[in-house]
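**Student:** Residue numbers (the numbering used here): 1071 to 1342.
Note that the Cβ used here is the ideal one computed from N, Cα and C, for glycine as well.
Next up is a structure, given as structure tokens.
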């Protein structure tokens, strides 16, 4: 792997690309809803997403009593203390940023954060549906800043757009669980595919892709061309990952390509 590839792999292992993707998608919704957001809101969102993902990886790594099967969890096991200190510092910075955020966004964000904390506490009992919960929380977090200050009522096309984004996130996570099937089983972790089986999970993914195609066509019918194009490219990328497992399994390529799709909306933010 070349130097840029190794650098992006490190960003991916540290979930920094996930945090940046959340910021890009939040800006995308803000543009679509014509909502003006302060930079502090984006920074707080990015930090919060990174804190949640890193805390989850640290918790998962600590539960594994031997060396983890995946590079991501091995990395978090090896650098547990350092990452824990950085997470605590990030929490402090995130808390400071709250004083600069609009009250509407703050109250909604605190409510969502409490839900996340509750999930982290009980995730061992909800691990069989963790992909659904994470997709819902991630989508709500990305949508929350713009939706909190949206001046107009939510239209049906807007609701379809939000539904498409949630489905994209859900497909991404369930697809990852298929790729992580053997490592999750070896590490004693639970997931959607381990609960319902690989064959049934692939059928569910086919249904979700079909539903997504119908929803994107609905957006096109409602003249939401820009949103449709971005969602089409995001889901086409996931469909390729679904169709070519032998290639994307190598060196965890599926995770690099699967996570980078959430950066695609940045094109519309700046040039759309």
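#1: Quick one: residues in its chain with C-beta nearer than 7 Å to the C-beta of residue 1115, no 5 flanking neighbours on either side, listed in chain order?
#2: Restricting to Cα atoms, I'd like to know which of 1136, 1125, 1213, 1218 is closest to residue 1172.
#3: On the three-state DSSP scale, how would you describe residue 1201?
#4: Return the chain-ordered ranges of every alpha helix (DSSP H) run that is complete within the region 1121–1159 and spans a minimum of 4 residues.
#5: Can the beta-carbon of residue 1160 be found less than 7 Å from the beta-carbon of residue 1204?
#6: Answer yes if the region 1285–1292 comes into contact with the region 1231–1240, meaning at least three C-beta pairs across the two stretches below 8 Å, and no otherwise.
#7: What residue does the alpha helix (DSSP H) around residue 1282 start on, and which one ends it?
#8: Apart from the five residues on each side of it in sequence, which residues of its chain come closer than 6 Å, Cβ to Cβ, to residue 1107?
#9: Relative to the C-alpha of residue 1128, which residue among 1143, 1239, 1137, 1136 is closest?
#10: Considering only their Cβ atoms, is the gap separating residue 1294 from residue 1227 smaller than 7 Å?
#11: Does the beta-carbon of residue 1163 have 16 or more other beta-carbons within 10 angstroms, so that it is buried, or is it exposed?
#12: If we call anything under 7 Å between Cβ atoms a contact, is residue 1257 one with residue 1138?
#13: Exposed or buried, what is residue 1146 when buried is set at 16 or more other beta-carbons lying within 10 Å of its beta-carbon?
#14: Leaving out five residues before and five after residue 1268 in sequence, what residues of the same chain have Cβ atoms less than 7 Å from its Cβ?
#15: For residue 1261, name the three-state secondary structure that DSSP assigns.
#16: Among the residues of its own chain, which have a CB less than 7 Å from the CB of residue 1220, if the five just before and after it don't count?
#17: Short of 7 Å in beta carbon distance, which residues of its chain neighbour residue 1379, apart from the five on each side in sequence? Order them along the chain.
#18: Can you tell me where the alpha helix (DSSP H) holding residue 1343 begins and where it ends?
#19: Any idea what DSSP makes of residue 1171, helix, strand or coil?
#20: Over the uninterrupted alpha helix (DSSP H) stretch that includes residue 1329, give me the two end residues.
#21: Measuring alpha carbon to alpha carbon, tell me which residue in 1136, 1270, 1179 is nearest residue 1209.
#22: Can you grab the Cα-Cα spacing for the pair residue 1333 / residue 1135, in whole Å?
#23: If residue 1141 sits next to residue 1083, beta carbons under 8 Å apart, how far is it from one beta carbon to the other, in whole angstroms?
#24: Can you list, in chain order, the residues of its chain whose CB lies under 8 Å from that of residue 1150, leaving out five sequence neighbours each side?
**Tutor:** In brief:
#1: Here the question's residue 1115 lines up with position 45 in the chain shown. Taking C-beta separations shorter than 7 Å and ignoring five residues to either side along the sequence, the partners of residue 1115 in its chain run 1092, 1093, 1096, 1211, 1215, following chain order.
#2: Position 102 of the chain shown, counting from 1, holds the residue named residue 1172. Of the candidates 1136, 1125, 1213, 1218, the one whose C-alpha sits nearest the C-alpha of residue 1172 is 1218.
#3: Mapped onto the chain shown, residue 1201 falls at position 131. Looking at residue 1201 - three-state DSSP - the assignment turns out to be helix.
#4: 1141–1148
#5: Walking along the chain shown from the start, residue 1160 turns up at place 90. Walking along the chain shown from the start, residue 1204 turns up at place 134. No.
#6: yes
#7: Position 212 of the chain shown, counted from the first residue, corresponds to residue 1282. Note, residue 1282: alpha helix (DSSP H), 1268–1291.
#8: Counted from its first residue, the chain shown places residue 1107 at position 37. A distance below 6 Å between beta-carbons, with the five flanking residues on each side excluded, links residue 1107 to the following residues of its chain, in chain order: 1100, 1215.
#9: As a first step, residue 1128 is located in the chain shown; it is residue number 58 there, counting from the start. The option with the nearest alpha carbon to residue 1128 is 1143.
#10: Here residue 1227 refers to the residue found at position 157 when the chain shown is read from its first residue. Here residue 1294 refers to the residue found at position 224 when the chain shown is read from its first residue. Contact: yes.
#11: Your numbering for residue 1163 matches position 93 in the chain shown. The residue is exposed, with fewer than 16 neighbouring Cβ atoms inside 10 Å.
#12: Position 187 of the chain shown, counted from the first residue, corresponds to residue 1257. Position 68 of the chain shown, counted from the first residue, corresponds to residue 1138. Their beta carbons are under 7 Å apart, which means residue 1257 touches residue 1138 by this criterion.
#13: Taking the chain shown and counting its residues from 1, one reaches residue 1146 at position 76. Counting every other CB atom within 10 Å of its CB across the protein chains shown gives residue 1146 a total of 16 or more, marking it as buried.
#14: Locating residue 1268 in the chain shown gives position 198, counting from the first residue. Answer for residue 1268: 1248, 1251, listed in chain order.
#15: Position 191 of the chain shown holds residue 1261. Residue 1261: coil per DSSP, three-state reduction.
#16: Position 150 of the chain shown, counted from the first residue, corresponds to residue 1220. If we look at residue 1220 and ignore the five residues flanking it on each side, its Cβ neighbours are 1103, 1105.
#17: For residue 1379 there is no data in the structure shown, the boundaries of the chain being 1071 and 1342.
#18: Residue 1343 falls outside the range modelled here, since the chain spans only 1071 to 1342, and no answer is possible.
#19: Residue numbering aside, residue 1171 sits at position 101 when the chain shown is read from its first letter. Here residue 1171 sits in coil by DSSP.
#20: Stepping through the chain shown from its first residue, residue 1329 is reached at position 259. Per DSSP, residue 1329 is one residue of the alpha helix (DSSP H) stretching across 1323–1330.
#21: Looking up residue 1209 in the chain shown gives position 139. Ranking 1136, 1270, 1179 by Cα distance to residue 1209 puts 1179 first.
#22: Numbered from its first residue, the chain shown carries residue 1333 at position 263. Numbered from its first residue, the chain shown carries residue 1135 at position 65. Distance between the alpha carbons of residue 1333 and residue 1135 is about 35 Å.
#23: Mapped onto the chain shown, residue 1141 falls at position 71. Mapped onto the chain shown, residue 1083 falls at position 13. Right, their Cβ atoms sit about 7 Å apart.
#24: Translated into positions along the chain shown, residue 1150 becomes position 80. Excluding residues within five positions, the ones whose Cβ falls inside 8 Å are 1128, 1131, 1132.
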